[in-house]
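The numbering of the sequence shown is the UniProt record's numbering, which starts it at 1 and goes up by one. Using N, Cα and C, we set each Cβ at its ideal position, and we do this for glycine too.
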Amino acid sequence: MRLLFLLLLLTLTHSYKILVYIPKFAVSHINFMGKIADTLVDADHDVTALISEMDSSLPDGTSKATIVRISPSEKANEMSNHFAETRGDIFDRDFGSYSEMIANARSNSLSFSRQCRKLLTTPGLVDQLKEAKFDAVIAESLDNCGVGLSHLIKARALIPVSSTLLYATAVFGLHPSLIAEHSAMEDGRFHDSIWTRLKTIYLHFAGQQFWSTMNGPLQAVFDELYPGTPNFDYLLSHAAVVFSNTDPLTDFARPTLSKIVPIGGITVSEPQPLDEHWDSILSLRPQTVLVSFGSIAKSAFLKPARKALFLKVCVIIIKPKQPIFASIPNTTFIWKYENLSDDFAKFNASKIDNVVLTDWMPQSKILADPRLSLFISHAGMASCQEIAHQGVPSLLIPIFGDQIPNAAALAHVGIAQVFSKSDLMDEKKLRGAIQEMLGDDQYKKRALTIRDQLAARPTSPVDRLVKNVEFAARFGTSKALRPLNLELSAIQFLGIDVFVIVVGPVVLVLAIHIYLFRRLISLHSFIKFRKFRKNE
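Here it is as structure tokens:
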């Protein structure tokens, strides 16, 4: 009987062959893609992780999938080293300026294209992947090398994934509103002014140029090595399903498509108890604040004046010198600081009783602890998902990229406040923002409500991921899920031809009437002039 049950179980389950393309260029992206791979392995699928090592110092992200590794190209290593050397000014650069956006796009595209060239020219690799007959390829959409590869190996389904917000939605047939889009809502509120709308339109078209610049060199690699490869926009428009690292409950409401599936929160672990060391730190004072700017914008890169100012704010909060701060309770600041041997760590921060510097901490466990009062973060998507799923009020200081709309979205739902990085030298503003967040329990109440809503969702991110991948792997691309407007030209989509047909005759008749009227006026004036001359 038991054997019969096992045989029946085997017939009811089907293992699909899935290739997950993981470019190693940022920890949060790697962890997200790796979690997808591991989750599918847990669902009994045959998963291969194709890891393109642009930066070999970073982790693999997956511990369960079969790994095929592409070593970093010399040029990719150069770009990685250059980026590491220039991160010191990351808190001061204006990443929203057009010149900065395009410069970043060019730098990234060169790194991606050179690494992709090495992947595609690795002897026998493409043929071996093709022979493996993968049912689906899951590819990080920021690096479209995986998108092009899915076409070359003839996988049944292409599944693009955005580790952040889903940008460039027009390639899927979803055109954003240029007026009510979220990109200019930096503080979480829509300012209905002409300047906000102008900025939104500017950001939209600048973003289009960014993606065009990103994809150009990469497309050229495919055109050279595999002539006839369709462009990335065409391949993406035929994707079977699209995953985004978002959740509607922590984002701006916006139009979407049936095949765009949010799986935000999939990387958030189940709450685990802290060890004795960290448990004792969170018990030191009535309130605890966690400070971390992520793996790229490290606190050690802050200018000395900014570090000193932050310490001063911490001291004032715990030992108020003015009546306005008298009601602020004692607070412990756990600050992720990556260089504990520098002068600031040894001679400045070490003298402050309520500041705990650490180069590593169990962030997910600390965020899940109810004793944590506030999280000061850079608003990376991984951190934002933890903030929402663990119910933690946050002061968000976005540095670049998707961090700006990430922060705005959490401020929009009322669980965070956005603080501009340009104000990090304003002691009064920084102190006031921390004081407000610690003193207003409405942030905590709203954060707990969002946490409970996310936990009560009818389907979990894991279920949405697994079921949609299985559906795509079985059936491939569904014509019904591909918007018809993708088959239209810009003239047809905007209705310009219809406008011309409907309005054209009216304009023509009106133009004829105006012309005849002007001729009549001219004729009348001429007749009057002739009569006048005749009378003379």
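Practice item. Would you tell me roughly how many angstroms separate the C-alpha atoms of residue 537 and Ala305, rounded to the nearest one? Key: Within the shown structure, residues of the chain are numbered from 1 to 536, placing residue 537 beyond reach of any answer.
Review point. Tyr226 by DSSP, collapsed to three states: which one?
Key: coil
Check your understanding: Would Thr122 be called buried (16 or more neighbouring beta carbons within 10 Å of its own) or exposed?
Key -> exposed
**Study point:** Alpha carbon of Arg464 to alpha carbon of Thr39, nearest angstrom
**Key:** 11 Å
Point to revise | Selected residue, minimal CA-CA separation from Gly476, among Lys64, Asp55, Ser57, Ala155 | key: Ala155
Check your understanding: Among Lys428, Ile397, Gln442, Val268, which one has its Cα closest to the Cα of Leu367?
Key -> Val268
Check your understanding: Using the C-alpha atoms, what's the distance from Cys145 back to Val41?
Key -> 23 Å
Practice item. Identify, in the order they occur along the chain, each residue of the same chain with its Cβ nearer than 8 Å to the Cβ of Leu174, setting aside the five sequence neighbours on each side. Key: Pro255, Thr256, Leu257, Ile260, Pro483
**Study point:** Per-residue DSSP class, three states only, for Arg285
**Key:** coil
Point to revise | Backbone secondary structure at Thr449 - three-state DSSP | key: helix
Point to revise | Inter-stretch contact (C-beta, 8 Å, three-pair minimum) for the region 374-387 and the region 344-356 | key: no
Exercise for review: State whether the region 409-421 contacts the region 282-290, with contact taken as three or more CB pairs (one from each stretch) at a distance under 8 Å.
Suggested key: no
Review point. Cα separation between Val500 and Tyr234?
Key: 29 Å
Point to revise | Ala416: first and last residue of the uninterrupted beta strand (DSSP E) it sits in | key: 416-418
Review point. Lys24: buried (16+ other C-beta within 10 angstroms of its C-beta) or exposed?
Key: buried
Review point. Excluding sequence positions up to five away, which residues of its chain have a Cβ less than 7 Å from the Cβ of Pro262?
Key: Ser244, Thr246, Asp247, Pro248
Check your understanding: Taking the continuous beta strand (DSSP E) assigned at Leu374, which residues delimit it?
Key -> 372-377
Check your understanding: Going by DSSP, what residues sit across from Leu302 in a beta bridge?
Key -> Paired residue(s): none; Leu302 is not in a bridge.
**Study point:** Three-state secondary structure (DSSP) of Asp343
**Key:** helix
Review point. For the candidate residues Gly391, Asp426, Ile159, whose alpha-carbon lies nearest to that of Gly414?
Key: Gly391
Check your understanding: What separation, rounded to the nearest whole angstrom, lies between the Cα atoms of Lys130 and Asp60?
Key -> 23 Å
Check your understanding: Starting from Ala105 and walking both ways along the alpha helix (DSSP H), at which residues does that stretch end?
Key -> 98-120
**Study point:** For Thr39, the first and last residue of its enclosing alpha helix (DSSP H)
**Key:** 27-42
Check your understanding: From this set, Asn339, Asp343, Trp335, which residue's C-alpha is nearest Leu357's C-alpha?
Key -> Trp335
**Study point:** Buried or exposed (CB count within 10 angstroms, at least 16 for buried), Ser56
**Key:** exposed
Check your understanding: Is the beta carbon of Val27 less than 8 Å from the beta carbon of Leu58?
Key -> yes
Practice item. Reducing DSSP to helix, strand and coil, say where Leu235 ends up. Key: helix
Check your understanding: Can you pull the DSSP bridge partners for Ile260?
Key -> Val242
Practice item. Give me the Cβ distance between Leu70 and Ile51, rounded to the nearest whole Å; I'm assuming they're in contact under 8 Å. Key: The sequence shown places Ile at residue 70, rather than the Leu named in the question. Going by Cβ atoms, the distance from Ile70 to Ile51 rounds to 7 Å, so yes, they are a contact pair.
Check your understanding: How long is the line joining the alpha carbons of Ala297 and Glu338, rounded to whole angstroms?
Key -> 11 Å
Review point. What residue does the beta strand (DSSP E) around Ser489 start on, and which one ends it?
Key: That residue, Ser489, is in no beta strand (DSSP E); it is neither H nor E in DSSP.
Practice item. Have a look at Asp127, His389, Pro271, Thr164 and flag the residue whose alpha-carbon is nearest the alpha-carbon of Ala447. Key: His389
Practice item. Return the residue from the list Thr229, Asn231, Asp251, Ser364 that minimises the CA-CA distance to Leu290. Key: Ser364
Practice item. Reducing DSSP to helix, strand and coil, say where Tyr202 ends up. Key: helix
Exercise for review: Tell me whether Ile527 sits in a helix, a strand or coil according to DSSP, three-state version.
Suggested key: helix
Practice item. State the start and end residues of the unbroken alpha helix (DSSP H) segment that holds Val466. Key: 461-475
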